[in-house]
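Every number in my numbering is 14 more than the matching position in the sequence shown, counting from 1. No residue lacks a Cβ here, since even glycine has one placed at the ideal position from N, Cα and C. Right, one structure below, let's go through it.
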Amino acid sequence: MAMSAAAVILACGTGKRTMTKNSTVMIHEGSALESGKVSDVITGTDNLKKLLTQTNKILGEVTNKTASFWKKLSKQDTYLTAEQSLEYGLIDEIVEDKSWK
């Protein structure tokens, strides 16, 4: 299972990006816990917004989808099958997992 930042690393991989047919990728909107002075909280929130925008742009570029597609999909925890991951451009190929046979 690739979750959160690992899903972005998977999508940005070089070479052939593969998943076994029973694997899952989870994507979601970033989150942070801010505390301290109001100015620190505002700065942290602004930085998180920039990071989310940048992440969605990167996913859009490597998958040939739009940044808004990824923004909408990541509003909540979203679990993608291998087939969906292939369809959405996160991976290039679904491979058979022979390790359990």
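Under a Cβ-count criterion, where at least 16 other Cβ atoms within 10 Å of its own Cβ denotes burial, should residue i be classed as buried or exposed?
i	result
S99	buried
N78	exposed
S88	buried
I41	buried
DSSP three-state call for residue i: helix, strand or coil?
i	result
E43	coil
L94	strand
T34	strand
So residue i packs on residue j, CB below 8 Å; how close in whole Å?
i	j	result
T57	A96	That belief does not hold up - the Cβ atoms of T57 and A96 are roughly 39 Å apart, past 8 Å.
Rounding to the nearest angstrom, what Cα-Cα distance links residue i and residue j in this structure?
i	j	result
Q90	N61	20 Å
I105	T92	16 Å
N70	K112	34 Å
Worksheet item: Counting Cβ pairs closer than 8 Å, one from the stretch 45–55 and one from the stretch 20–30, do we hit at least three?
Response: no
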